[in-house]
Every structure is written in structure tokens, then in C-alpha cells.
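Peer 1: One structure is given below, represented as C-alpha cells, and several questions about it will come after.
Pasting the structure below:
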């Protein structure tokens with residue numbers, strides 16, 4: 001494969017061998033190397049230090065660094081499994097792997113549950129869902145009266161909270177999303193199937209023999 | 001669809017902040 005040595009790729013904080021990352025995820029070695037090109041691009045948008053900070057992550061999502069967004073922040077925090085406040089390359093690949101079209105459905109269900117369990121109690125509570133609805137309204141042109149929001153919450157919890165204890169546990173969430181599969185649409189990124197096409201320059205920086213890939 | 005016909009999570013999932021495909025747009 002590629003034979004142009006990359007400059008200091010191994011000097012990136014948290015850089016991990018593509019072969020090692022490919023073995024842990026759905027990605028091939030070539031796909032991991034292509035993701036490194038994406039990682040570098042996002043991670044150098046504000047401060048070029050070889051990691052992705054929250055500002056850079058939000059900028060990549062919104063193309064506007066001033067935007068604060070509850071959901072983008074929540075996804076960043078879930079990607080940041082080591083709670084360092086920044087994403088290194090390994091964090092980035094292992095988190096994106098869950099969004100691969102071929103990743104296990106169960107992983108997608110668990111990740112989406114954590115996404116909505118804002119305070120990490122192991123339950124999605126009504127107040128959390130209301131907060132997220134209000135955040136959504138804040139970022140869109142949509143306006144809803146409080147009584148309409150409450151009616152939406154009533155309907156949602158009637159359907160999802162099957163034991164009617166006022167909160168949704170993982171088992172209830174599992175059943176709910178299987179009945180409402182569109183809720184998992186955000187958990188799959190078709191782009192990840194074509195990542196090597198999207199970032200073909202990875203070939204020029206590859207450090208891995210074609211045979212290993 | 002009118003919001004009342006959707007559940008809360010269907011609405012929330014429309015947030016741009018949950019749309020990671022934007023990461024791949026150059």
C-alpha cells in the first residue's frame with residue numbers, strides 16, 4: 001500500500017496502531033487509516049495538537065464554533081470514555097465503530113440509551129426528556145406550548161415506560177426502540193462504509209502493508 | 001408530521017447535534 005512515511009503520526013497523543021484498532025472494531029485497517037485523516041482534519045480546526053477538543057467536535061458538526069448544543073456535547077462526553085475532556089484517536093475510532101452499519105444492534109441500543117440518560121443514573125427520566133425537547137426547540141424554529149410538550153411526554157412515557165414507574169430503564173428502552181426502529185437511525189452512519197473513498201489520501205500515509213490490511 | 005403524532009425521542013432525534021454525518025462533510 002502507501003509508502004510515503006507520515007510525519008510524526010506516532011507522536012499524536014493516544015495514537016494507536018491501526019492493526020490493533022481494526023482488530024477491536026468493525027473497521028478494516030484501511031478504514032482506520034482513512035479515519036485518521038478525518039481525525040486530523042477535525043482535530044486541527046481550532047488548535048493543532050493531535051487531539052479533538054469539544055470546541056472542534058462541535059465545529060465539525062455545526063461548522064460554527066460559537067454554537068453550544070446539548071446533544072453534541074453529550075455525544076462528545078460519551079466518546080470521551082476516559083473522561084479526559086478531549087478525544088484521542090483511539091477514543092474516536094472505538095466510538096465511531098458503534099455507528100458503523102455493521103455494528104451490533106445491541107451496541108447501538110445501549111449507546112442511544114446512554115445518550116438520553118443525561119445524568120447517568122441508569123434511567124431516562126421525564127425531566128431529562130423534557131430538557132432535551134426544550135433544547136431541540138431552542139435550536140429550531142419550532143415552537144410548542146408547555147402543555148403540548150407535556151402531552152408529548154405523557155404519550156411517550158405511556159408507550160415506553162411499560163412498568164409506569166416514571167422512568168425508562170434499559171430493558172424498556174430496548175423494547176421501545178425495537179417497536180420504533182426509526183429512533184436508531186441516528187446510530188448508523190452509512191458514510192462509514194465508504195470512509196476510504198471519502199478520505200483516499202490515507203493511502204499516501206499508510207504505514208501498514210497491504211497484506212496486513 | 002405534526003409533533004403530537006410523534007413521540008419525544010422522534011422529535012429529539014431531529015437535532016442537528018445528533019446528526020454525526022456532518023462530521024464527514026468537508
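Chains as they are written, first to last, in the working numbering: chain A, 1 to 213; chain B, 1 to 26. We put the CB at the ideal spot given by N, CA and C, even for glycine.
For residue 52/A, name the three-state secondary structure that DSSP assigns.
Peer 2: Residue 52/A falls in the strand class under three-state DSSP.
Peer 1: Taking its Cβ as the centre, do 16 or more other Cβ atoms sit within 10 Å of residue 30/A, making it buried, or is it exposed?
Peer 2: Classification of residue 30/A: buried, given that the 10 Å Cβ count is 16 or more.
Peer 1: Helix, strand or coil: how does DSSP classify residue 167/A here?
Peer 2: Residue state, collapsed to three classes: strand.
Peer 1: Have a look at residue 13/A and residue 12/B and give me their C-alpha separation to the nearest angstrom.
Peer 2: Taking the straight line from one Cα to the other gives about 34 Å.
Peer 1: Closest to residue 20/B by C-alpha separation, out of 40/A, 116/A and 100/A, would be which residue?
Peer 2: Minimum Cα distance to residue 20/B is reached at 100/A.
Peer 1: With DSSP collapsed to three states, give me the class of residue 147/A.
Peer 2: Here residue 147/A sits in helix by DSSP.
Peer 1: What runs of the alpha helix (DSSP H), each 4 residues or longer, lie entirely inside the segment 25-92 of chain A?
Peer 2: DSSP runs (the alpha helix (DSSP H)) wholly in the segment 25-92 of chain A: 29-43, 54-62 and 70-79.
Peer 1: Would you decide whether residue 123/A is buried or exposed? Buried here means 16 or more other CB atoms lie within 10 Å of its CB.
Peer 2: Its Cβ being crowded by 16 or more others within 10 Å, residue 123/A is buried.
Peer 1: Tell me the residue span of the alpha helix (DSSP H) that contains residue 109/A.
Peer 2: Where residue 109/A is concerned, the enclosing alpha helix (DSSP H) stretches over 105-116.
Peer 1: Could you please give me the residues that DSSP links to residue 125/A through a beta bridge?
Peer 2: In the DSSP output, where bridge partners are listed per residue, residue 125/A has 167/A.
Peer 1: Using a Cβ cut-off of 8 Å (strictly closer), state whether residue 59/A contacts chain B.
Peer 2: Output row for residue 59/A: interface = no.
Peer 1: At a Cβ threshold of 8 Å, is residue 133/A touching chain B?
Peer 2: Yes - at least one Cβ of chain B is within 8 Å of the one on residue 133/A.
Peer 1: Is residue 199/A closer than 8 Å to residue 93/A when the C-beta atoms are compared?
Peer 2: No, the Cβ-Cβ distance between residue 93/A and residue 199/A is not below 8 Å.
Peer 1: If the cut-off is 7 Å on Cβ atoms, which residues from the segment 76-90 of chain A count as contacting chain B, listed in chain order?
Peer 2: Of all residues in the segment 76-90 of chain A, none has a Cβ within less than 7 Å of some Cβ in chain B.
Peer 1: Note down the Cα distance separating residue 24/B from residue 70/A, rounded to an integer number of angstroms.
Peer 2: Whole-angstrom Cα-Cα distance: 20 Å.
Peer 1: Going by CA-CA distance only, name the one from 182/A, 183/A, 156/A and 85/A that's closest to residue 128/A.
Peer 2: Closest option to residue 128/A, Cα to Cα, is 156/A.
Peer 1: Taking the CB atoms as reference points, tell me whether residue 75/A and residue 56/A lie closer together than 8 Å.
Peer 2: Not closer than 8 Å, so no.
Peer 1: Comparing C-alpha positions only, which one of 162/A, 170/A and 159/A sits nearest to residue 121/A?
Peer 2: Comparing Cα positions, the closest option is 170/A.
Peer 1: Less than 6 Å between C-beta atoms, sequence neighbours within five positions excluded: which residues of the same chain meet that for residue 149/A?
Peer 2: Cβ within range, chain order: 133.
Peer 1: Please work out which residues of its chain come closer than 7 Å, Cβ to Cβ, to residue 196/A, disregarding the five sequence neighbours upstream and downstream, and give them in chain order.
Peer 2: Answer for residue 196/A: 30, 31, 34 and 202, listed in chain order.
Peer 1: So, helix, strand or coil for residue 15/A, using DSSP?
Peer 2: Coil.
Peer 1: In terms of alpha-carbon separation, which member of 24/A, 51/A and 175/A lies closest to residue 15/A?
Peer 2: Looking at the Cα atoms, 51/A is the closest of the given residues.
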